[in-house]
Amino acid sequence: MPERIVVPFGPQHPVLPEPIHLDLVLEDEKVVDVIPSIGYIHRGLEQLVQKREFTEYVYVAERICGICSFMHALCYCQGVEHIMGIEVPDRAKYLRTIWSECSRLHSHLLWLGLFADGMGFENLFMRSWQLRESVLDVLEDTTGGRVIQGTCKVGGVRRDIEKGKLDEMHRALDPFEEKCREIGDVFLNDDTVKYRLQGLSVLSKDEAYALGAVGPTARASGVPMDHRETGYAAYGDLGFKPVVETAGDCYARCAVRVKEVYASIDLIRRAIEQIPEGPLDVKVKGTPDGEYFSRVEQPRGEVIHYLRGDGTKHLARARIRTPTLANIPPLVKMLPGAQLADVPVVVLSIDPCISCTER
Amino acid sequence: MAFLKRSPWILHYDASSCNGCDIEVLACLTPLYDVERFGIINTGNPKHADVFLITGGINEQNREVVKNIYEQMPEPKVVVAIGVCAASGGIFRECYNIVGGVDKVIPVDVYVPGCAARPEMIIDGVVTALGILEEKREKMAGAAQTKESARRAAGEST
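Have a look at this one:
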C-alpha cells in the first residue's frame, strides 16, 4: 500500500481568489480524503442585525458577498416584506428580476473565466471577463455601482430604469447573446475542454440529493431544483424552466452554467418586454414582528435568510445559510479519486464563494 | 533591480472582505483594464511578489496568515490596502471578529478608498505604490553601498 501524505491546499493559493483551506490526503498522486476547514473570512454579520435598524441592514446584507450582492439584498428584503405584510409594486418586482439576472450573468461569466483559468485556458478566461464587463457597464449605468448596487430596499426599489434605457438594453441583448454563444460553444464542444472535464469527479443524483447539494451543482447531477420556479419577484409571470444535466461530472456542472447564461439573457429579454408601468415602492410603516424563512436562487444555488423580528426596529435574529456552505459536503464527496493536478478544477466546479459561506 | 519599476509583480490576498474588491482586483488584469501591458502580473507566490494587494478588515483567523505572507515577501515590498474595510474595517467595523484595518497587523503604504474600490482607483493605488517601492529600493541600494564602502575602508586599514 502506498504511503499516505497530507498536502495543504490554501488558504492562500494561486487558483483561489478567496481563502479556504483543504487538507488533501494523498496516495501517490491520487486524493483519498479531504478535510476542509473554513473561517478565514468569518466577520459575524448575523449579529449586526442587533446594531443596525432593519431598513439599514439591507446594506450589510448586500456586503455578505460582492458577487451576488443584489440577490442577498433581495432575499433579505423579501423576508422583511413578508413578515410585515408589504405588497411590492409590480414594476419593482420586474426591476428586481432584471437586476437579479444581470447579477447572475456577471457571476456566471466570472466563474466561467476562473474555471477556464483553473484548467489553464488563459485565452478563454480573458474572453469571458471581457464579456462580463459589458454586463457590469449595464449595472453601473442603471444602478450606479459595478459590484455593489444598493438599489434594493424594503418596500421596493430605489431607482427606475427609463424606457429609453430599457429599449437600449433590449437591443444590446442579441449581439451579447451571440458573443456568449461563441465562448459557450468552446466550453461545450472544444475537445481539450471535454477531455479535461468529462468523467471527472462524478456526483450521482442520489448523492447530490442526500448531501444537500444546491444550485448548478445539484442540477448537473439531475436534481431539477431551482428556487426561481416558485415564482418570487417576477419569475412567476415570466415562465421559467430549470436547466438540468444528468452526467454529474465537471463537464455537466460547466454546461449547466453555460446554458443558464443563455436562459438569463432570455429572462431579461422577456422581463423588458413585459415590464408594467407603475410606482417603484410602497411606504414602510411599523416594525417587523414575526419570523420567516426567505429563499432566493443565487448563481451558486439557494440562499436562505431566516429572519425574526420582535416588534422593535432591530431584528432579534438573522440566520443566513448560503449555497457554498451546502455545496461543501458534495465537494468532499467528489474529490477522493481525483488526481492532485485536477483538484483546482474540481474545487472550482462547485463555484466556491467563501465570503458568502462564512458571512 | 531597475526592472522592479517596469514589471512589478503583485500578490493578492482576501483578508475577510466581501469579495467585491477582490473581483475588481481581478478585473484590473482582464482585457478592459489590462494592467499586464505594463508588466504587472498577478502571482500566487509571495516570494515572487513586490506589491501586496490586500482587501478586507482582517479577522482573528486571518491575522497570522497575513503576517506570514508579508514576512515571506522579499524586500523591498509595498502594501496596498484596497477598499474601506482594509482602511478601517468599514461596514464590518462593529463585527465581533474583525480586527479593523490592515495597518493593525502589517505596515501599509497606500490606502485605496471605495466600497467596492473601482479598478481605475486600484490601478492608481498601485502606480502610487510603485513610486514608494522605488524610494525603498534606492534607500536599500544606498545602505548597501555605505556598508560596502565601510567594509572596504575597514579592510584597507587592517
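Residue numbers (this note's numbering), protein chains in the order written: chain L, 892 to 1250; chain D, 142 to 299. All C-beta atoms in this analysis are idealised placements derived from N, C-alpha and C, irrespective of residue type, glycine included.
Per DSSP, the bridge partner or partners of residue i
i, result
"L1043 (chain L)", "Reading off the sequence, residue 1043 (chain L) comes out as Cys, not Leu. BP columns for C1043 (chain L) point to L:V1048."
"P927 (chain L)", "L:L913"
"E918 (chain L)", "L:R895 and L:K921"
"H153 (chain D)", "D:L194"
"F900 (chain L)", "L:L913"
Closest by C-alpha distance to residue i, when choosing among the options
i, options, result
"D1081 (chain L)", "L:A983, L:R943 and L:Y1142", "L:Y1142"
"L167 (chain D)", "D:K277, D:V243 and D:I151", "D:I151"
"I1074 (chain L)", "L:C1145, L:T1137, L:V1029 and L:V1048", "L:C1145"
"R934 (chain L)", "D:A156, D:V246 and D:T287", "D:A156"
"A1207 (chain L)", "L:G1181, L:K1224 and L:A1232", "L:G1181"
"K921 (chain L)", "L:P1167, L:L1091, L:K1070 and L:V951", "L:L1091"
"E1168 (chain L)", "L:Y1086, L:E1053 and L:G1130", "L:E1053"
"V225 (chain D)", "D:P172, D:I199 and D:A258", "D:A258"
"F1078 (chain L)", "L:L1005, L:C956 and L:V1223", "L:L1005"
"A1154 (chain L)", "L:M1017, L:V1173 and L:V1134", "L:V1134"
"K1070 (chain L)", "L:E1024, L:S1095, L:A1104 and L:G1177", "L:E1024"
"H1205 (chain L)", "L:V971, L:G1192, L:E1098 and L:V1149", "L:V971"
"V1147 (chain L)", "L:L913, L:I1039, L:G1041 and L:S1240", "L:S1240"
"C1244 (chain L)", "D:I239, D:R178 and D:I164", "D:I164"
"I199 (chain D)", "D:I264, D:I223 and D:P217", "D:I223"
"R147 (chain D)", "D:I182, D:N160, D:G161 and D:C169", "D:I182"
"S957 (chain L)", "D:F193, D:N160 and D:E216", "Looking at the sequence provided, one finds Gly at residue 957 (chain L) rather than Ser. Ranking the options by Cα distance to G957 (chain L), first place goes to D:N160."
"K1176 (chain L)", "L:Y1086, L:I974, L:I955 and L:G1228", "L:I974"
"V1248 (chain L)", "L:G1228, L:G1202, L:G1192 and L:K1224", "Before going on, a small fix: residue 1248 (chain L) reads as Thr here, not Val. Of L:G1228, L:G1202, L:G1192 and L:K1224, the residue nearest in Cα terms is L:G1192."
"A1125 (chain L)", "L:L915, L:Q969 and L:E918", "L:Q969"
"I1211 (chain L)", "L:S1246, L:T1178, L:V1048 and L:K1224", "L:S1246"
"Q938 (chain L)", "L:A1209, L:H904 and L:L1222", "L:A1209"
"V246 (chain D)", "D:C256, D:Q202, D:E235 and D:M281", "D:Q202"
"I1003 (chain L)", "L:I989, L:S1019 and L:L907", "First, the amino acid is wrong: residue 1003 (chain L) is Leu here, not Ile. Of the candidates L:I989, L:S1019 and L:L907, the one whose C-alpha sits nearest the C-alpha of L1003 (chain L) is L:S1019."
"E918 (chain L)", "L:P893, L:L936, L:V898 and L:H904", "L:P893"
"D1157 (chain L)", "L:S1112, L:S960, L:I989 and L:K1056", "L:I989"
"D1140 (chain L)", "L:M1225, L:G1122 and L:V1105", "L:M1225"
"P1190 (chain L)", "L:V1173, L:A1109, L:G1127 and L:T1203", "L:A1109"
"V240 (chain D)", "D:V176, D:R204 and D:G272", "D:R204"
"L1222 (chain L)", "L:D1058, L:A1099, L:V951 and L:R1049", "L:A1099"
Exposed unless 16 or more other CB atoms sit within 10 angstroms - verdict on residue i
i, result
"S290 (chain D)", "exposed"
"E212 (chain D)", "exposed"
"V1152 (chain L)", "buried"
"P1107 (chain L)", "buried"
"Y931 (chain L)", "buried"
"N1014 (chain L)", "exposed"
"N209 (chain D)", "exposed"
"G242 (chain D)", "buried"
"R895 (chain L)", "exposed"
"Q1089 (chain L)", "exposed"
"T1213 (chain L)", "buried"
"R292 (chain D)", "exposed"
"Y967 (chain L)", "buried"
"K1044 (chain L)", "buried"
"P1115 (chain L)", "exposed"
"T287 (chain D)", "exposed"
"S158 (chain D)", "buried"
"M962 (chain L)", "buried"
"K218 (chain D)", "buried"
"A1101 (chain L)", "exposed"
"S1095 (chain L)", "exposed"
"D1008 (chain L)", "buried"
"R954 (chain L)", "buried"
Interface flag, residue i vs chain C, CB-CB below 7 Å
i, result
"S998 (chain L)", "No chain C is present in this structure, whose protein chains are L and D."
Problem set entry | Completely contained alpha helix (DSSP H) runs for the region 1189-1234 of chain L, where each covers 4 or more residues | 1214-1225
Exercise. What residue ranges within the region 215-278 of chain D form continuous alpha helix (DSSP H) runs of no fewer than 4 residues, ordered along the chain?
Worked result: 225-229
Exercise. Okay, do the region 1189-1198 of chain L and the region 980-987 of chain L touch, 3+ Cβ pairs below 8 Å being the bar?
Worked result: These segments do not touch.
For this session: Kindly provide the ranges of any alpha helix (DSSP H) runs that are 4 or more residues long and lie completely inside the region 161-218 of chain D, ordered along the chain.
Result: 161-170 and 201-213
For this session: Kindly provide the ranges of any alpha helix (DSSP H) runs that are 4 or more residues long and lie completely inside the region 1109-1194 of chain L, ordered along the chain.
Result: 1126-1129 and 1141-1165
For this session: Answer yes if the region 230-241 of chain D comes into contact with the region 181-190 of chain D, meaning at least three C-beta pairs across the two stretches below 8 Å, and no otherwise.
Result: Contact between the region 181-190 of chain D and the region 230-241 of chain D is absent, because fewer than three Cβ pairs lie under 8 Å.
For this session: Just list the alpha helix (DSSP H) runs in the region 939-1002 of chain L, keeping only unbroken ones of 4 residues or longer that don't cross its boundaries, in chain order.
Result: 948-953 and 960-975
Exercise. If we count Cβ pairs, one from each stretch, closer than 8 Å, do we get three or more for the region 1028-1036 of chain L versus the region 988-1006 of chain L?
Worked result: yes
For this session: Indicate whether the contact test is met: 3 or more Cβ pairs, each with one atom in the region 1203-1221 of chain L and one in the region 1000-1012 of chain L, closer than 8 Å.
Result: no
Exercise. Hey, is the region 1230-1250 of chain L in contact with the region 939-947 of chain L, meaning 3+ C-beta pairs nearer than 8 Å?
Worked result: no
For this session: Answer yes if the region 1161-1178 of chain L comes into contact with the region 1054-1068 of chain L, meaning at least three C-beta pairs across the two stretches below 8 Å, and no otherwise.
Result: yes
Problem set entry | contact_flag[the region 947-955 of chain L, the region 923-930 of chain L] where n(CB pairs < 8 Å) is 3 or more | no
For this session: Pair every Cβ in the region 1184-1195 of chain L with every Cβ in the region 1114-1130 of chain L, then say whether three or more of these pairs are closer than 8 Å.
Result: yes
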